[in-house]
Amino acid sequence: MSDSNLIISLDFELHWGRFDKYPIEEYQLYYQNTLRSIPKILSLFERYQINATWATVGMLMAESWEEWETYAPLIKPNFLQEKYSAYLWGKQKYSIDFEGLFASGIVNEIIQCPGQELASHTFSHYYTGEEGGVWKPSVPI
1 MSDSNLIISL DFELHWGRFD KYPIEEYQLY YQNTLRSIPK ILSLFERYQI
51 NATWATVGML MAESWEEWET YAPLIKPNFL QEKYSAYLWG KQKYSIDFEG
101 LFASGIVNEI IQCPGQELAS HTFSHYYTGE EGGVWKPSVP I
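Its first residue numbered 1, the sequence shown is counted upward by one per residue in our numbering.
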């Protein structure tokens, strides 16, 4: 009998993975349930020694809009269709606190849980196939 492995990778982005597809106002319960579920999943993973990688975007790791702005890169994409820019979407929602945007506490729980790994795929999603996906400085360099 040979050893076998199961690889678990979880995409944990909340609304940052869906900002261009769904209105955040309509999914508050969904995000609340997600945030309540993750500690339970972590508890099960720890109990049964299940290792997992949690993939996220840096935007989710901020504690507030102010911190989000502080850590946002100076060079941002300039999509012709603005709906693909999480940065522009965030500016429109700036100062509004919705569930599903920031989860630094849950991120810390993931990091501190044995066997869990946090991976990041940039600060926000980048639509490589979209026109205008050329990076341009938002401030002079």
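Where is the CB? At the ideal position from N, CA and C, for every residue including glycine.
For proline 77, the uninterrupted beta strand (DSSP E) run begins and ends at 75-77, by DSSP.
Rounded to whole angstroms, the separation of the alpha carbons of glutamate 131 and tyrosine 48 is 46 Å. Runs of the beta strand (DSSP E) lying entirely within the segment 30-108, each at least 3 residues long, are 52-56 and 75-77 in chain order. Here the C-alpha atom of isoleucine 50 lies approximately 19 Å from the C-alpha atom of arginine 36.
The shortest C-alpha to C-alpha distance from alanine 86 to any of Tyr126, Asp97, Trp54 and Glu66 is the one to Tyr126.
From the listed residues Gly115, Leu88 and Ser64, the smallest Cα separation to serine 95 is found for Ser64. Residue pairing for aspartate 11: DSSP places it in a beta bridge opposite Ala55.
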